[in-house]
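To keep things clear, I will list the structure first and then write my remarks on it.
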Amino acid sequence: MNRLLFLTGNAGKLAEARHFFEPLGYRVEQFLIDGEVPIVIEPQSDSLKDVATSKIEQAKVHLNQSGQNGSILVEDAGLFIDELNGFPGVNSASVLKQIGLSGVLNLMSEITHRGAEFRACAVLFTGEELVFGVGVCRGTITSETLGDSGFGYDPIFSPDGEASGRTFGQMSRPEKEDFSHRAKALQSIKKQLDLLRR
Ligand code: ITT
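Quick note: the sequence shown uses our numbering, first residue -4, plus one each step.
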């Protein structure tokens, strides 16, 4: 079985990648060195791809130094709200920490157009090549938190195409995968890996 080391501190992202890659024959593990997630510095950039590229370059150095082997995966994602000019975007993690879901909902209390999208950029290093995958999921921001599944912004995001208006927070992991930005990004990586192996 191929070993896939996912450099992330986010247990929700790890669980989703596991669910996605394990049926394809990968053993997905959190990339740890001495029991800790190696530190990577995220550059100040508006581009998820730039952030993900910087993270994978730092992850490659950590992998070499750790003496471990396997493919490595990093991913950067964010929620981009139309009427807030893409806020919180690349700052989604720090905004969630600082103001929480209630803070985001407060910022939107007067806003009627509630369109938003999740974007993800994932990069896998096979040991030889870098494979990039991007995914976008359009949807709307609900007026209250709904559900407690998933993680992060899931309870306030309802994907387009979800007939009954449920949020990701009200979906099981496989249901979320039918829509999610992360599933699309990982699917794109999977397709490219299949081509590389031919
Ligand atoms: P890493 O260690 O992998 O960087 P992170 O939690 O910092 O984990 P990101 O910077 O990629 O992850 O994510 C930015 C924020 O967006 C973070 O607060 C996540 O919880 C949130 N987010 C990302 N994907 C999400 C998803 O599928 N559903 C809900 N929130 C999500």
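Just so you know, even glycine gets a beta-carbon here, dropped at the ideal spot from N, CA and C.
Distances from the CB of residue 138 to the heavy atoms of the ligand ITT are all 7 Å or more.
The C-beta distance from residue 184 to residue 128 rounds to 4 Å, short enough to fall under 8 Å.
No heavy atom of the ligand ITT is found nearer than 7 Å to the CB of residue 123.
With respect to the 8 Å criterion, residue -2 and residue 65 are classified as neighbours on the basis of their beta carbons. If you draw a straight line from the Cα of residue 150 to the Cα of residue 9, it comes to about 18 Å. Residue 112 sits close to residue 75, with the two beta carbons spaced by under 8 Å. When the Cα atoms are used, residue 166 and residue 14 turn out to be separated by approximately 15 Å.
By the C-beta density criterion, residue 56 is exposed, having fewer than 16 other C-beta atoms within 10 angstroms.
Inclusion of residue 2 and residue 44 in the CB contact set at 8 Å is not warranted, their separation being larger than that value. Here residue 179 is near residue 131, since their CB atoms are less than 8 Å apart. With 16 or more other Cβ atoms inside 10 Å of its own Cβ, residue 176 counts as buried.
Linking residue 163 to residue 11 through their CA atoms gives a straight-line distance of about 13 Å.
Between residue 47 and residue 117, the beta carbon gap of about 7 Å places them in contact (Cβ cut-off 8 Å). Residue range 43 to 61 is occupied by the alpha helix (DSSP H) that includes residue 59. In this structure residue 146 is in contact with residue 5, their Cβ atoms being roughly 7 Å apart against a cut-off of 8 Å.
Its chain contains 11, 14, 15, 178 as the residues whose beta carbon lies nearer than 8 Å to that of residue 172, once the 5 sequence neighbours on both sides are disregarded; these appear in chain order. In this structure, residue 136 lies near residue 109, with their beta-carbon atoms less than 8 Å apart. Closest in C-alpha terms to residue 191, from the list 91, 181, 123, comes 123. Beta-bridge partners of residue 26 (DSSP): none assigned. For residue -3, the enclosing beta strand (DSSP E) begins and ends at -3 to 1.
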